[in-house]
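Undergrad:
Given below as structure tokens:
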């Protein structure tokens with residue numbers, strides 16, 4: 004019985020130690036939600052008035068497939084959806100919002116550096132094409148949509164993967180630098196365009212977490 008247990012542990016350890024080898028595949032993805040609310044109170048004598056203002060709410064889901072094209076070299080492709088909703092002004096009791104809906108198709112490359120058998124440092128560079136629409140609330144009952152298209156590129160210099168089980172792993176990105184460029188085009192007037200570039204820097208206060216299932 005002891006020999007069987009020892010052999011089983013040895014096979015399991017070897018399986019984990021052989022991670023990040025050429026030909027390994029996994030499915031997984033990223034899910035992220037972020038929102039905020041600002042509250043301010045004004046006092047005049049014994050009377051106080053509290054005003055609550057919603058901040059920008061963002062949501063992102065990106066399923067992906069990963070394949071090790073060589074030892075320690077992971078190529079990932081994914082198709083995702085993201086929403087960024089920003090308040091504009093208040094109409095009666097309803098906040099009017101600018102809702103940017105974006106679909107993305109992208110690829111990323113990571114190089115794995117072993118720290119332990121279960122823990123790897125895996126900096127990643129990725130690129131995505133973006134398309135969708137920007138839906139603007141003109142009033143409580145009226146919306147106006149304009150087309151959106153662009154690209155984003157992202158570098159994650161502090162990405163780590165923890166693989167506690169042979170078939171399960173967790174990616175944790177502590178630092179990421181991202182640039183996105185989006186062109187908004189009026190559907191009724193193709194010559195009316197607005198181009199915006201946004202540089203973002205995420206640090207450990209808002210880490211991104213991805214899950215992977217190896218098969």
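Residue numbers (the working numbering): 4 to 218.
Cβ coordinates follow ideal geometry from the N, Cα and C atoms, glycine included.
Pull up the CB-CB distance for residue 200 and residue 182, whole angstroms please, since I reckon it's below 8 Å.
TA: Right, their Cβ atoms sit about 7 Å apart.
Undergrad: Measure from the C-beta of residue 112 to each C-beta in chain C and report whether the shortest distance is under 9 Å.
TA: No chain C appears in the structure shown, which is made up of a single protein chain.
Undergrad: Tell me whether the beta-carbon of residue 67 lies closer than 9 Å to the beta-carbon of residue 213.
TA: The answer is yes: Cβ separation under 9 Å.
Undergrad: Consult DSSP for residue 40 and reduce its assignment to one of helix, strand or coil.
TA: Correct three-state label for residue 40: strand.
Undergrad: Rounding to the nearest angstrom, what Cα-Cα distance links residue 120 and residue 184 in this structure?
TA: Rounded to whole angstroms, residue 120 to residue 184 spans 39 Å at the Cα level.
Undergrad: So, with DSSP's three-state summary, where would you put residue 223?
TA: For the chain, the structure presents residues 4 to 218; residue 223 sits outside this window and is missing.
Undergrad: For residue 123, list the residues DSSP reports as bridge partners.
TA: Paired residues: 117, 164.
Undergrad: Going by alpha carbons, who is nearest to residue 3 out of 41, 31, 24, 57?
TA: Residue 3 is absent from the model: the chain starts at 4 and stops at 218.
Undergrad: Taking C-alpha atoms, which residue in 41, 64, 45 lies nearest to residue 33?
TA: For residue 33, the nearest C-alpha among the options comes from 64.
Undergrad: Judging by CA-CA distance, which residue of 92, 125, 55, 87 is the nearest neighbour of residue 36?
TA: Selected option, being the one with the closest Cα: 87.
Undergrad: Can you have a look at residue 129 and say buried or exposed, based on whether 16 or more other CB atoms are within 10 angstroms of its CB?
TA: Counting Cβ neighbours within 10 Å, residue 129 comes out buried, since at least 16 surround it.
Undergrad: Should the region 135 to 149 be called in touch with the region 158 to 178, which here means at least 3 C-beta pairs below 8 Å?
TA: Result no; under three Cβ-Cβ pairs closer than 8 Å.
Undergrad: If contacts are defined as beta-carbon pairs under 8 Å, then residue 135 and residue 190 qualify, I think. What distance do you get, rounded to the angstrom?
TA: Wrong, their Cβ atoms sit about 13 Å apart, outside the cutoff.
Undergrad: Measuring only the C-alpha atoms, how far is residue 89 from residue 59?
TA: Cα to Cα, the separation comes out at about 4 Å.
Undergrad: Can the beta-carbon of residue 91 be found closer than 9 Å to that of residue 101?
TA: Going by C-beta atoms, residue 91 is nearer than 9 Å to residue 101.
Undergrad: Could you name the residues of the same chain whose beta carbon sits closer than 8 Å to that of residue 40, not counting the 5 residues immediately before and after it, in chain order?
TA: Here the set comprises 55, 56, 57, 58.
Undergrad: Between which two residues does the beta strand (DSSP E) carrying residue 87 extend?
TA: Its beta strand (DSSP E) spans residues 76 to 94.
Undergrad: Go through its chain and collect everything with a Cβ distance to residue 44's Cβ below 8 Å, but skip five positions before and after it.
TA: If we look at residue 44 and ignore the five residues flanking it on each side, its Cβ neighbours are 51, 52, 53, 54.
Undergrad: In chain order, what residues of the same chain lie with their CB nearer than 8 Å to the CB of residue 21, ignoring the 5 residues before and after it?
TA: The pLDDT assigned to residue 21 is 46, lower than 50, so where the model puts this residue is not dependable; a value taken from the coordinates is nonetheless given after this. Answer for residue 21: no residue qualifies.
Undergrad: With which residues is residue 156 paired in a DSSP beta bridge?
TA: For residue 156, which the question treats as bridged, DSSP gives the partners 130, 182.
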